[in-house]
Amino acid sequence: MKRILVIGALGQIGSELTAAFNRRYGTANVVAADVNEDTRRLFPDNVFERLDVTDAETLEHIVLRHHIDTIVNLAAMLSATGEKNPDRAWHININGLLNVIRLAIKHRLDRVMTPSSIAVFGPQSVLYDTPQETVLTPNTMYGVTKVVGELLGDYYFKKAGLDFRGIRYPGIISNRTMPGGGTTDYAVEIFYAAVRDKHYTCFLSNESCLPMMYMPDCIRATIALLEADRSRLRHRGNYNVGAMSFTPEILTREIQKHIPDFTIDYQPDFRREIARYWPASVDDSAARSDWGWQPEWTLETMVEDMLRAVRAKMPA
Ligand code: SER
Numbered sequence: 015m016k017r018i019l020v021i022g023a024l025g026q027i028g029s030e031l032t033a034a035f036n037r038r039y040g041t042a043n044v045v046a047a048d049v050n051e052d053t054r055r056l057f058p059d060n061v062f063e064r065l066d067v068t069d070a071e072t073l074e075h076i077v078l079r080h081h082i083d084t085i086v087n088l089a090a091m092l093s094a095t096g097e098k099n100p101d102r103a104w105h106i107n108i109n110g111l112l113n114v115i116r117l118a119i120k121h122r123l124d125r126v127m128t129p130s131s132i133a134v135f136g137p138q139s140v141l142y143d144t145p146q147e148t149v150l151t152p153n154t155m156y157g158v159t160k161v162v163g164e165l166l167g168d169y170y171f172k173k174a175g176l177d178f179r180g181i182r183y184p185g186i187i188s189n190r191t192m193p194g195g196g197t198t199d200y201a202v203e204i205f206y207a208a209v210r211d212k213h214y215t216c217f218l219s220n221e222s223c224l225p226m227m228y229m230p231d232c233i234r235a236t237i238a239l240l241e242a243d244r245s246r247l248r249h250r251g252n253y254n255v256g257a258m259s260f261t262p263e264i265l266t267r268e269i270q271k272h273i274p275d276f277t278i279d280y281q282p283d284f285r286r287e288i289a290r291y292w293p294a295s296v297d298d299s300a301a302r303s304d305w306g307w308q309p310e311w312t313l314e315t316m317v318e319d320m321l322r323a324v325r326a327k328m329p330a
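As numbered in my numbering, the sequence shown has no gaps in its residue numbers, which increase by one up to the final residue, 330.
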């Protein structure tokens with residue numbers, strides 16, 4: 015793992031993961047790529063490549079030109095946007111991933127990482143402490159592509175020895191780059207609304223309980239799995255990772271400890287149906303035993319830190 019390509023480097027997770035890679039591995043060893051160049055100034059010292067992950071030829075040029083041996087592919091269309099355009103979600107999430115996998119096998123790359131998601135679960139999975147190995151019947155195209163991604167990783171590990179790794183991310187809460195098109199996005203939007211308007215209208219219902227994680231834990235988990243000793247990994251692209259679980263109502267009560275006059279109302283839309291069949295919490299014992307996963311942030315500490323960071327971003 016000497017030269018890393020981050021695809022989707024300007025997205026919610028990519029923007030913070032690339033910064034963490036810069037600190038850990040050195041900016042000269044991290045190539046940032048994204049389909050959208052608008053915020054490339056986030057990484058003025060990295061080599062930046064404009065890349066659509068579905069374009070196999072450009073991807074191959076980038077890998078060869080920069081002597082890449084590790085690809086972290088974060089390019090994906092998320093659950094809510096994916097329901098509006100399922101064909102495109104399939105194209106980006108599956109054909110894009112296949113480009114990465116084929117290239118990694120062809121040029122014998124050291125390892126490939128791509129996220130999976132809690133969206134792999136569905137109505138037939140248990141709701142609490144959802145096991146890693148269970149029935150997967152996703153209710154979104156995004157979830158379908160994430161199940162297929164996990165299966166492809168397993169298949170090419172067995173078939174071609176590809177070192178494929180991935181975490182089933184829960185909803186990720188952060189304050190650097192906004193999430194886009196996900197069902198868990200409310201848990202980020204709510205902080206900006208609380209600080210700015212003291213009111214938030216939620217697109218889920220008050221009882222939608224989902225697993226969530228604060229970005230610093232997400233980065234630690236991702237790096238821990240990426241660096242984990244190959245021989246200790248009993249799974250490939252499907253590690254459950256838990257940190258905290260809450261409903262919009264519980265989150266609201268926690269925010270109200272800091273902003274007492276903050277209020278919320280509910281206008282659930284189609285995303286409520288998506289959230290309905292996702293787990294409330296996950297069993298992450300495999301991640302804990304295989305690569306030492308242990309969350310550090312709680313609901314209380316996350317809310318305090320998010321409000322501090324969001325206030326700092328808002329004009330006085
Ligand atoms: N955050 C994602 C979404 O809501 C779940 O992985 O689509």
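Glycine residues also receive a C-beta, built at the ideal position from the N, C-alpha and C atoms. In this text the structure is predicted, and so the values were computed from the model without any measurement.
Alpha carbon of residue i to alpha carbon of residue j, nearest angstrom
i	j	result
M92	T68	Residue identity check: residue 92 is Leu in the sequence provided, not Met. Taking the straight line joining both Cα atoms gives about 16 Å.
L73	A294	37 Å
T148	Y169	18 Å
Y206	P329	12 Å
V49	R325	30 Å
A46	T144	34 Å
R267	F276	9 Å
H75	N220	48 Å
A8	G195	Only positions 15 to 330 of the chain appear in this structure, which leaves residue 8 out of reach.
V20	N36	11 Å
G180	N87	10 Å
I264	M226	13 Å
T198	I27	14 Å
P137	T41	43 Å
D283	A70	36 Å
T53	R290	34 Å
Pair within 7 Å by beta-carbon distance, residue i and residue j
i	j	result
L224	W292	yes
T308	T215	For the sequence presented, residue 308 should be read as Gln rather than Thr. Not a contact, by the Cβ cut-off of 7 Å.
A300	Q146	yes
L123	D66	no
E318	D231	no
V209	I187	no
N189	M320	yes
S131	Y183	yes
Y156	A133	yes
R248	D304	yes
For residue i: DSSP bridge partner residues
i	result
L19	V45 and I85
V61	V45
Y183	S131
C216	Y280
S259	P225
Burial state of residue i, where buried means 16 or more other Cβ atoms lie within 10 Å
i	result
R250	buried
D298	buried
K160	buried
E63	buried
E97	buried
M127	buried
P262	buried
E30	buried
R17	buried
R285	buried
T312	exposed
V140	exposed
Y142	exposed
G25	buried
P193	buried
P274	exposed
Selected residue, minimal CA-CA separation from residue i, among the options
i	options	result
M229	T315, I85, D48 and K327	T315
L56	D83, G22 and Y39	G22
R302	A242, G96 and E318	A242
S259	D59, K212 and S222	S222
H105	G196, A90 and T53	A90
H272	D304, H75 and K212	K212
N153	V162, F135, Y142 and G167	F135
T95	N87, I85, N107 and V86	N107
R38	G157, T236 and R116	T236
D279	V317, I204 and R246	I204
E164	F284, N43 and Y253	Y253
D177	L117, Y200 and I233	L117
V77	K120, D52, P58 and D101	K120
N43	R234, I233 and T32	T32
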